[in-house]
Amino acid sequence: MFSFCDSFTGIFAPIVTIALYGLEPIIAIDLSTFVFEFVALVFFVKIPSVHVSREIKKDGLWKQCKSGMQYLFKSRGIFSLILFMAFVNFIAAIYNTNLGPMVLSRTDNNYNELGIVSSTESIAVLIGSLLVAKMPQTSKRIPLILNVMTFSFLFGDSLLGIGHNYYVWTIAVFVGSLLVPLLMANVDYIMRTKVPFEMQGRVFSARIFYNIC
């Protein structure tokens with residue numbers, strides 16, 4: 001569902017906004033909406049109270065972070081998966097950062113073609129999300145994750161590197177992004193079923209920390 005929602009909003013937005021307004025106004029609008037959302041979350045959104053055990057209430061912030069890291073070090077499989085996904089996200093960040101400048105530099109700053117390439121990526125994720133909802137579950141999730149990652153990097157990134165026009169780049173981002181929802185769904189399934197409920201917040205925070213680093 002997360003992949004579906006993210007991709008759905010990103011299908012037409014790049015084409016329409018870049019084609020109508022250009023890149024600079026879009027950046028200004030994006031920053032303005034971020035400030036609006038930040039103020040709304042800080043001052044107006046009320047977080048409901050959640051029942052927690054007395055032991056967790058007694059633990060301070062530092063102790064909770066420490067216990068989450070200790071759990072990861074003891075759970076080698078979960079920790080290895082988090083480190084692997086952190087490396088994957090690092091490679092993906094390089095890809096996402098350079099995609100826009102590469103398309104613009106090789107198309108003489110054609111924002112329309114950049115919008116088409118960006119929207120194709122969202123369309124691929126949307127289709128992949130629908131496929132995940134219909135696919136039967138598998139018991140061999142780790143091999144599936146590795147196979148999807150290999151397919152995405154081998155075909156998607158290779159096509160992106162050897163392509164010289166936005167037609168090839170459009171095919172590349174579609175192929176590279178199509179199975180990403182399948183990857184993320186299986187990673188989330190492992191994290192939510194293997195990590196105890198009372199430790200999930202701490203472990204997921206550590207996961208985000210490693211992904212950002």
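Letter 189 of the sequence shown, counting from 1, is numbered 189 in the UniProt record's numbering, and no numbers are missing.
Here a beta-carbon is modelled for each residue, glycine too, at the ideal position from N, C-alpha and C.
Per-residue DSSP class, three states only, for residue i
i: Met102; result: helix
i: Asp157; result: helix
i: Glu184; result: The amino acid at residue 184 is misidentified as Glu; the sequence shows Met. Met184 falls in the helix class under three-state DSSP.
i: Met135; result: coil
i: Leu144; result: helix
i: Asn89; result: helix
i: Lys46; result: coil
i: Thr193; result: helix
i: Gly163; result: coil
i: Ser75; result: coil
i: Thr170; result: helix
i: Asn109; result: coil
i: Leu126; result: helix
i: Ile178; result: A small correction: the amino acid at residue 178 is Leu; Ile does not occupy that position in the sequence shown. In the structure shown, Leu178 sits in a helix (DSSP, three-state: H, G or I).
Residue from the options with nearest C-alpha to residue i
i: Trp62; options: Ala206, Ile212, Val45 and Asn211; result: Ala206
i: Phe151; options: Ala124, Leu179 and Thr33; result: Leu179
i: Leu131; options: Arg141, Leu182, Val117 and Met149; result: Leu182
i: Leu114; options: Ile123, Leu104 and Val35; result: Leu104
i: Val187; options: Phe84, Val39 and Phe44; result: Phe84
i: Thr107; options: Leu31, Ile208 and Tyr166; result: Tyr166
i: Met191; options: Pro101, Phe155, Ile142 and Leu146; result: Ile142
i: Lys140; options: Tyr95, Gly156, Tyr189 and Leu154; result: Tyr189
Nonlocal neighbours in the same chain, by C-beta distance under 7 Å from residue i, ignoring five residues either side
i: Gly163; result: Trp169 and Ala172
i: Met69; result: Ala206
i: Thr193; result: none
i: Met149; result: Val88 and Leu183
i: Leu159; result: Val168, Ile171, Ala172 and Val175
Nonlocal neighbours in the same chain, by C-beta distance under 6 Å from residue i, ignoring five residues either side
i: Thr120; result: Thr170, Val173 and Phe174
i: Met199; result: Tyr71
i: Ser75; result: none
i: Phe79; result: Leu72
i: Tyr210; result: Ile82 and Ala86
i: Leu203; result: A quick correction: the sequence has Val, not Leu, at residue 203. For Val203, where only same-chain residues beyond five positions count, the Cβ hits under 6 Å are Gly68 and Val195.
i: Ser177; result: Glu121, Ala124 and Val125
Chain-order list of residues whose beta-carbon lies under 8 Å from that of residue i (same chain, five-residue window excluded)
i: Ala93; result: none
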